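Residue numbers (the numbering used here): 6 to 182.
Here's the structure, in structure tokens; my notes come after.
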Ligand SMILES: [Zn+2]
């Protein structure tokens with residue numbers, strides 16, 4: 006009898022916790038891994054003018070957002086955490102850009118990140134669209150996953166409706182770092 010009551014109490018407590026946790030869980034989604042520090046270096050290899058502009062605009066969007074993350078340029082690409090590259094991966098493969106955090110994308114402490122721009126698809130975007138794509142990939146690099154709200158840079162949508170981090174994106178960055 007006593008045991009049964011304890012189970013009941015535990016269940017009602019769990020339901021209350023879940024209800025309280027929902028708004029925060031919707032605000033941002035973490036991938037599960039992150040860098041050890043919010044000061045993260047970046048460099049690039051083989052970017053043409055449009056894509057070095059996209060990289061710089063995405064970096065500036067985050068640095069201007071005034072979160073606990075700051076991206077710093079490292080001229081020696083072998084020493085940088087994040088490396089931006091571009092290639093013609095094809096127009097119909099379903100992605101504008103992709104980010105892979107290493108050693109494990111969804112857990113642990115990142116030491117390296119590859120951000121690949123698919124110029125076959127991104128050539129068709131505006132300067133602002135490429136900036137938003139770059140900023141979105143940088144969100145993955147710091148450990149953020151997709152959200153459903155189109156007002157956030159981590160929105161799943163293919164063509165970015167925003168090109169700067171939104172309030173939930175910033176909350177995510179500040180929660181991680
Ligand atoms: Zn994404």
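Virtual Cβ for every residue (Gly too), placed ideally from N, Cα, C.
Quantities reported herein were computed from a predicted structural model and do not represent experimental measurements.
- Query: Thinking C-alpha only, which one of 147, 130, 156 is nearest residue 58?
  - Reply: Per the C-alpha coordinates, the member of 147, 130, 156 positioned closest to residue 58 is 130.
- Message: With H, G and I counted as helix, E and B as strand and the rest as coil, what does DSSP make of residue 53?
- Response: Judged by DSSP in its simplified three-state form, residue 53 adopts coil rather than helix or strand.
- Query: Would the stretch 86–99 and the stretch 115–127 be scored as touching if the rule is three or more Cβ pairs under 8 Å?
  - Reply: Contact between the stretch 86–99 and the stretch 115–127 is present, because at least three Cβ pairs lie under 8 Å.
- CB residue 2 to CB residue 43, shorter than 7 Å? In the structure as shown, the chain begins at 6 and stops at 182. Residue 2 is therefore absent and cannot be evaluated.
- Residues that residue 117 bridges to, as DSSP identifies them: For residue 117, the beta-bridge partners assigned by DSSP are 107.
- Based on the DSSP output, what are the partners of residue 186 in its beta bridges? Because the chain in this structure spans residues 6 to 182, residue 186 falls outside the shown range and cannot be described.
- Cβ neighbours of residue 157 in the same chain (closer than 6 Å, five flanking residues each side left out): The beta carbon of residue 157 is closer than 6 Å to those of 171, 173, 174 in its chain, skipping five residues each way along the sequence.
- With DSSP as the reference, label residue 181 as helix, strand or coil. Three-state result, residue 181: helix.
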